[in-house]
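Positions in the sequence shown are counted from 1; adding 116 to them yields the working numbering.
Ideal Cβ placement from N, Cα and C applies to all residues, glycine included.
Structure first, commentary second.
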Amino acid sequence: MSQDSQEPDGRPDYPVEHVGHLAGQEEQQPTGKKPWFAPNSGGVGYHPQTWQGVLIIVLIVVVVTLFIAAVKKGWF
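Here it is in C-alpha cells:
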C-alpha cells in the first residue's frame, strides 16, 4: 500500500465495511463487498448471509449426499 492512500494518522482514506470479529478484534474489508458468511450473534459458528453462501451450503449437501449414495451402491 502506498503512502498516498492513507490519511496522516495512518488510516486508509477509503471507506471500510465491518465484516465481523475475530477474538474480540474487529475485522475490516476495504472492498465494500458483503462477505458470504457472518459470525453468529449468539453461539458458535457462522451462517450464510448472501446467495453465494447459501449456494455453497447447497453444493456441500449435494456432494455429500451423492457420495453417500455412491458408497451404498458399492461404487467406491
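DSSP beta-bridge partners of Pro164: In the DSSP output, where bridge partners are listed per residue, Pro164 has Phe153.
Inter-residue spacing [alpha-carbon to alpha-carbon] between Lys150 and Thr166: Each residue's Cα considered, the two are about 8 Å apart.
Status (buried if at least 16 other CB within 10 Å, exposed otherwise) for Leu138: Unreliable positioning characterises Leu138 in this predicted model, as indicated by a pLDDT of 49, which lies under 50. The coordinate reading is nonetheless provided below. Exposed is the call here.
Distance, Leu175 Cα to Ala154 Cα: Going from the Cα of Ala154 to the Cα of Leu175 covers about 19 Å.
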